[in-house]
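Notes for the one structure printed next.
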Amino acid sequence: MAALSDQLLVVSIMAYLVAMICHAVEFAFGDRSLVGRAAVRPAREPALVGAGAGGDQPAFEPPAVDEPAADRLDPPSSGRAALAGRIAVVLTVVAAVLHLGTLVTRGIAAERMPWGNMYEFVLAVTFVGIAAWLGLLLRRPGLRHLGLFMTLVMVLLLGVTGLVIYTPVGPLVPALDSYWFYVHISAIGLASGAFVLGIVPAVLYLLRNGYDQGKRGFPYSLAERVPAADVLERLTFRIHAFAFPLWTMGVIGGAIWAEASWGRYWGWDPKETWSFISWVIYAGYLHARATPSVKRKVATWIAIIGFLSMLMNLFGVNLFFEGLHSYA
Amino acid sequence: MSVVEDRVAPPAAPPPRRPNRVLALLRNSWRQLTSMRTALVLLFLLAVAAIPGSILPQRDVNIENVEAYRRANPDLYPIIDRLGGFDVFASPWFSAIYVLLFVSLIGCIVPRLRDHVRALRAAPPAAPRRLDRLPQHAVLAAPAADPARIAAVLRKRRWRVVVRDGEVSAEKGYLKETGNLIFHFALIGVLFGVAFGSWYGWHGNRLLVAGPDTAFCNNLQQYAETGLGPRVDAADLPPFCLELTDFDARFLDTGQPSYFQASAKVDEAGGEPRDVEFSVNSPLRLDGASAYLLGHGYAPVIRYTDRLGRVQTSVAPFLTTDGNLTGEGVAAFPDVNIDPATGDRDPDQQMAFEGIYLPTAPDAPPYVRSVFPAERSPALMLIAYRGNLGLDAGIPSSVYVLDQRQVEAGKLKQIGEAKLMRPGESWTLDDGSTVEFVGTREFITLSVRYDPGERIVLVSSIVMLAGLMMSIFGKRRRIWFRTGPARPATPAVAGTEPPATASTTGGSSLMEAGGLPRTDYSGFADEFKQLVAAVERSEGKS
Ligand code: HEM
Numbered sequence: 001m002a003a004l005s006d007q008l009l010v011v012s013i014m015a016y017l018v019a020m021i022c023h024a025v026e027f028a029f030g031d032r033s034l035v036g037r038a039a040v041r042p043a044r045e046p047a048l049v050g051a052g053a054g055g056d057q058p059a060f061e062p063p064a065v066d067e068p069a070a071d072r073l074d075p076p077s078s079g080r081a082a083l084a085g086r087i088a089v090v091l092t093v094v095a096a097v098l099h100l101g102t103l104v105t106r107g108i109a110a111e112r113m114p115w116g117n118m119y120e121f122v123l124a125v126t127f128v129g130i131a132a133w134l135g136l137l138l139r140r141p142g143l144r145h146l147g148l149f150m151t152l153v154m155v156l157l158l159g160v161t162g163l164v165i166y167t168p169v170g171p172l173v174p175a176l177d178s179y180w181f182y183v184h185i186s187a188i189g190l191a192s193g194a195f196v197l198g199i200v201p202a203v204l205y206l207l208r209n210g211y212d213q214g215k216r217g218f219p220y221s222l223a224e225r226v227p228a229a230d231v232l233e234r235l236t237f238r239i240h241a242f243a244f245p246l247w248t249m250g251v252i253g254g255a256i257w258a259e260a261s262w263g264r265y266w267g268w269d270p271k272e273t274w275s276f277i278s279w280v281i282y283a284g285y286l287h288a289r290a291t292p293s294v295k296r297k298v299a300t301w302i303a304i305i306g307f308l309s310m311l312m313n314l315f316g317v318n319l320f321f322e323g324l325h326s327y328a
Numbered sequence: 329m330s331v332v333e334d335r336v337a338p339p340a341a342p343p344p345r346r347p348n349r350v351l352a353l354l355r356n357s358w359r360q361l362t363s364m365r366t367a368l369v370l371l372f373l374l375a376v377a378a379i380p381g382s383i384l385p386q387r388d389v390n391i392e393n394v395e396a397y398r399r400a401n402p403d404l405y406p407i408i409d410r411l412g413g414f415d416v417f418a419s420p421w422f423s424a425i426y427v428l429l430f431v432s433l434i435g436c437i438v439p440r441l442r443d444h445v446r447a448l449r450a451a452p453p454a455a456p457r458r459l460d461r462l463p464q465h466a467v468l469a470a471p472a473a474d475p476a477r478i479a480a481v482l483r484k485r486r487w488r489v490v491v492r493d494g495e496v497s498a499e500k501g502y503l504k505e506t507g508n509l510i511f512h513f514a515l516i517g518v519l520f521g522v523a524f525g526s527w528y529g530w531h532g533n534r535l536l537v538a539g540p541d542t543a544f545c546n547n548l549q550q551y552a553e554t555g556l557g558p559r560v561d562a563a564d565l566p567p568f569c570l571e572l573t574d575f576d577a578r579f580l581d582t583g584q585p586s587y588f589q590a591s592a593k594v595d596e597a598g599g600e601p602r603d604v605e606f607s608v609n610s611p612l613r614l615d616g617a618s619a620y621l622l623g624h625g626y627a628p629v630i631r632y633t634d635r636l637g638r639v640q641t642s643v644a645p646f647l648t649t650d651g652n653l654t655g656e657g658v659a660a661f662p663d664v665n666i667d668p669a670t671g672d673r674d675p676d677q678q679m680a681f682e683g684i685y686l687p688t689a690p691d692a693p694p695y696v697r698s699v700f701p702a703e704r705s706p707a708l709m710l711i712a713y714r715g716n717l718g719l720d721a722g723i724p725s726s727v728y729v730l731d732q733r734q735v736e737a738g739k740l741k742q743i744g745e746a747k748l749m750r751p752g753e754s755w756t757l758d759d760g761s762t763v764e765f766v767g768t769r770e771f772i773t774l775s776v777r778y779d780p781g782e783r784i785v786l787v788s789s790i791v792m793l794a795g796l797m798m799s800i801f802g803k804r805r806r807i808w809f810r811t812g813p814a815r816p817a818t819p820a821v822a823g824t825e826p827p828a829t830a831s832t833t834g835g836s837s838l839m840e841a842g843g844l845p846r847t848d849y850s851g852f853a854d855e856f857k858q859l860v861a862a863v864e865r866s867e868g869k870s
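Chains as they are written, first to last, in the working numbering: chain C, 1 to 328; chain L, 329 to 870.
Here it is in C-alpha cells:
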C-alpha cells in the first residue's frame with residue numbers, strides 16, 4: 001500500500017505536468033494569443049467545460065459596473081486550442097483523483113488520517129488547493145486559463161514535497177494523537193490549501209495590472225489572455241478572506257493542543273513563530289484591502305509576501321530550524 | 329469589504345482660535361498613529377520583528393541552544409545578546425511595536441465604536457435622488473404598493489426600516505461592523521490574557537524517577553528550572569506531592585513510540601492521596617497547577633560497596649540523547665571510603681561512574697548507541713573514576729556530567745578500562761571495592777505549570793474568531809422603495825443631468841426599487857431580485 005501510494009504520487013505529478021503542457025498549448029495557440037490570432041476562426045464554441053457553464057455570473061459581477069461581466073468570462077479560446085484546454089482540465093481531474101489516491105492509500109498503509117507528518121500534510125494541503133480549484137472551475141469555466149498557473153504550482157509543490165520532505169509511512173507519535181491535532185491540522189490544511197489557490201489570481205492580477213498599464217515585457221505578456229484585473233483582484237480577496245478565519249481557527253486549535261501537549265499554549269517555537277508571522281501578514285493584507293489610500297497592487301503584494309511566509313512555514317521551518325514540531 | 333475611510337478631521341475644521349503648536353502636534357501625531365496606514369506599517373513591522381525570533385535560539389524556548397550558540401559564536405554572541413536577539417519576544421523593540429500597535433488599535437476602535445453605536449440608533453438614510461443609478465434597480469409590477477406593507481416585508485427579513493413620506497429606506501448587515509469591532513476588542517483581550525498569565529503564572533521543570541523514595545513535593549527548590557511571574561511569590565505555589573508509581577511506554581518495531589502512560593500518586597493539601605494517570609496530550613490537572621509529561625528515560629540503579637564494605641546505592645537518571653533512549657549520566661559517590669575510626673572523608677577517595685546506558689545494546693561493539701528504545705537487551709557501559717569530584721569547591725556543577733576540570737587537573741583519575749555490564753552483574757575494582765548494576769527505574773521529565781491567563785486568552789480568541797467571521801462574511805447593504813411620483817429634480821443640479829423624465833422615475837404611478845451593496849457582495853443581485861419579488865407577491869395577495 002505504501003509503495004502504491006508513492007507510485008501514485010509520481011503518476012499524479014506526471015498528470016499535472018501533462019495538464020500543464022496542455023494548458024500551455026491552449027495558452028500559446030488560443031485565438032487571442034499571437035499565434036492564435038493568425039489562425040483565428042470566426043466560430044465561437046459555447047462553453048463546454050463543466051456544468052452550469054456561463055451561469056451564476058453575479059458572483060463576479062462588480063457591484064457598481066454596468067458592463068456585463070459575461071463576455072469577459074467566456075472560455076477565452078476556441079477551436080483546437082480550446083480542445084487542448086479541455087483536455088488539460090480532464091487531465092487535472094485525473095491528476096487530482098490520483099492525488100487523492102495517494103492520500104487514501106497512504107492513510108490505509110498507516111492506518112490513520114494521512115496528515116501525520118509534513119510530507120503527508122503538504123499532500124493534503126495541495127489536494128485541498130486543487131479540489132477547490134476544480135470546484136471553482138466548475139462554476140466559472142471562464143477561469144480555465146488560470147489552470148496553467150494552478151498546475152504549475154501543483155507540479156512545483158508536489159515535486160518539492162516528494163523530493164525534499166518525503167517521509168516513510170508510520171503511525172502517529174503519541175504527541176500527535178489528539179483530538180485537537182485533527183482540528184488543528186484540518187483547519188490549517190484547508191486554509192493553506194486556500195492560500196495556495198489564492199496565490200494564482202494574486203500573481204495573475206499583478207501581471208494583468210502591469211499589462212493593462214502597457215507593460216508588454218516577459219512576465220506581463222503572459223497576462224494577455226487572463227481575466228480582467230478587477231475580476232482577478234476580487235477573486236484573490238475572496239479566497240483570502242475565506243482562508244484567513246480558517247487559518248485563525250487552525251492557530252487557535254494548535255494553541256489548545258500545545259497546551260495539552262507541551263504545557264503552554266504558545267511558546268514561540270519556530271513553527272509557531274512563522275504561523276504568527278503569516279497570520280499578521282494576512283491580517284495586513286485584509287487591512288490594506290480595506291484601506292482606501294492603499295493601492296490594490298500594494299495589497300496584493302502583501303498577500304504574496306504572506307504566501308512566501310507560508311511556504312517558509314511548510315518547508316523552510318522543517319528544514320532549517322529545530323523545534324518541538326516533531327513533524328518533518 | 330466596506331470602504332472605511334481613515335478618520336479624518338471634519339472637512340471644515342474651524343481654525344484654532346489660539347494656535348497651540350504643541351497641542352496641534354500632539355493631535356496630529358495621534359491622528360497619524362491611529363490611521364489605518366500606520367496600523368498597516370506596524371503590523372508589517374511586527375511580522376518582520378518576529379523573524380529573528382525563529383532564526384536565533386531563544387532563551388525562553390531552549391536555553392541550551394542559546395548556550396551552544398554562545399560557544400559557537402563567541403564574538404557575535406554579546407552583540408546579539410545586547411540587542412535582545414535571544415529574547416526577541418521580550419525585547420524592548422518588539423514590545424514597542426506591539427504596544428504602539430495596540431495604542432493605535434484602541435485609538436482607532438473607540439471612536440469607531442461610538443460611530444457604530446450612533447449608526448445603530450440612526451434611521452437608514454434617505455434614498456438618493458436617482459434610484460436607477462444604483463447598482464441594483466427595478467421597477468415594480470405593483471405600482472401602488474403600500475409603503476407600510478413593504479416595510480413589513482422587509483422587517484420580517486430583519487432589515488432595519490424607516491418610512492419617510494412614501495419612501496422606504498432599509499439597511500441590513502450592521503453585524504459586519506459589530507463583528508469587526510468585536511474582533512479588534514477581542515485582540516486586546518488576548519493581549520491582556522497573555523500579560524496576565526505572565527504576571528501571575530509560574531512554571532517549573534524537573535525529572536521524576538519512579539519510586540516512593542524519589543517523590544517530590546511542590547516547592548521551588550525541587551525544580552531544576554523555574555520561572556515565576558513578577559507577581560508570584562515562592563510561597564504562593566500550591567502544596568502537593570507527586571510520586572511516580574509506574575511508567576508504561578510502548579514502541580513499534582521501528583522504534584517509534586506508540587503509547588505513553590504515567591501512573592502516579594498525588595497528595596494534595598486537604599485530600600486523601602489518590603492514584604492518577606496522565607500522559608502526553610492529557611496532562612495531570614491539579615488544584616492550581618497542571619503537570620505535563622514531556623519525556624522519559626531510564627535511571628540505572630548502581631550499588632557501590634567501598635573497600636571498607638559499606639554499601640551505597642545511587643539512582644541516577646541518565647539523560648536521553650536520542651530517539652532510542654541512549655542515556656548518558658553519572659553516578660557519584662562522594663561519601664565513600666570514610667575512615668570508620670575518624671569519620672573523616674578523604675576527598676581524594678571519592679568515587680564516580682560515568683556511563684552510557686543502552687536499553688537495547690547492539691549485538692556487537694561499539695556499545696555507544698542503543699538500537700531500540702525499550703529495554704530488550706539492557707547494558708550499561710561504565711567508566712570508573714576515583715579522586716576529588718570537585719563538589720566542595722562551591723562551583724555549581726551538573727549532576728549529569730563529571731567535572732571535567734577535575735579530570736583535566738588530574739585530581740580525578742580513571743580506573744581501568746570501560747566496562748560493559750548487564751543487569752545483576754558486578755565489577756570488582758582495583759582496590760577490592762565492587763560496583764553492581766542492579767537494574768533501572770523509569771524516569772519522566774515533567775513540566776509543572778500554572779497560567780491564570782489561559783482562560784482569558786482562550787475565551788478572547790474564540791470571541792475574536794466569531795467577530796472575524798461576522799466581519800468577513802457579513803454584508804452591509806441598503807435598499808430603497810419609492811412610491812408615487814418622483815420628487816422633482818432640484819433645479820440647481822438638474823442642468824447637469826438628463827431631464828428627470830428620462831428616468832423611469834418620471835411616471836407618476838410607478839414604483840421603483842434600488843439597492844446598494846456597501847461591501848463586496850456577489851449575491852446582492854439575487855437577494856435584491858428576491859426582495860422585489862417578495863414585495864410584489866405581498867401586494868398581489870392584498
Ligand atoms: C492588533 C493589530 C490588528 C490586527 C491583527 C487587525 C486585524 C484586522 C483584520 C484581520 C481585519 C479584516 C477582517 C475584518 O474585516 O474584520 C481588520 C479590519 C479592520 N481593521 Fe484591523 N487589525 C489591527 C489593528 C487595527 C488598527 C490599529 C486599526 C485602526 C487604525 C484597525 C482598523 C481596522 C478597520 C477599520 C477594519 C475594517 C476593514 C473593513 O472595512 O472590513 N485595525 N483588522
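The beta-carbon is built from N, C-alpha and C at its ideal position, and this holds for glycine as well.
Kindly identify the DSSP beta-bridge partner or partners of residue i.
i, result
"L/Arg602", "L/Val594"
"L/Met709", "L/Ile684 and L/Leu748"
"L/Gln734", "Answer is none; L/Gln734 lacks a bridge partner."
"L/Ala841", "L/Ala466 and L/Phe809"
"L/Lys741", "L/Arg714"
"L/Ser607", "L/Ser610"
"L/Arg578", "L/Tyr587"
"L/Arg492", "L/Glu495"
"L/Gly802", "BP columns for L/Gly802 are empty, so no partner."
Got a sec, what are the start and stop residues for the alpha helix (DSSP H) residue i sits in?
i, result
"C/Trp301", "Arg296 to Leu311"
"C/Gly107", "Gly79 to Ala110"
"C/Trp180", "Tyr179 to Asp212"
"C/Gln7", "Ala2 to Phe29"
"L/Ser357", "Arg349 to Leu361"
Along the chain, where does the beta strand (DSSP E) that runs through residue i open and close?
i, result
"L/Tyr626", "Ala617 to Thr633"
"L/Phe765", "Thr762 to Tyr778"
"L/Met679", "Gln678 to Leu686"
"L/Trp530", "Trp530 to Val537"
"L/Glu703", "Run containing L/Glu703: none; DSSP gives neither H nor E here."
"L/Thr641", "Val639 to Val643"
"L/Leu556", "Glu553 to Leu556"
Secondary structure at residue i, three-state DSSP: helix, strand or coil?
i, result
"L/Phe856", "helix"
"L/Gln386", "coil"
"L/Tyr397", "helix"
"L/Arg783", "helix"
"L/Ser497", "strand"
"L/Gln589", "strand"
"C/Arg225", "helix"
"C/Glu272", "helix"
"L/Thr573", "strand"
"C/Ile281", "helix"
"L/Thr756", "strand"
"L/Leu612", "strand"
"L/Trp421", "helix"
Just to check my reading of the structure: residue i and residue j have Cβ atoms closer than 8 Å, yes? What is that Cβ distance to the nearest angstrom?
i, j, result
"L/Pro566", "L/Gly616", "4 Å"
"L/Ile408", "L/Phe414", "7 Å"
"C/Ala84", "C/Glu120", "Their Cβ separation, rounded to whole angstroms, is 33 Å, which puts C/Ala84 and C/Glu120 out of contact at 8 Å."
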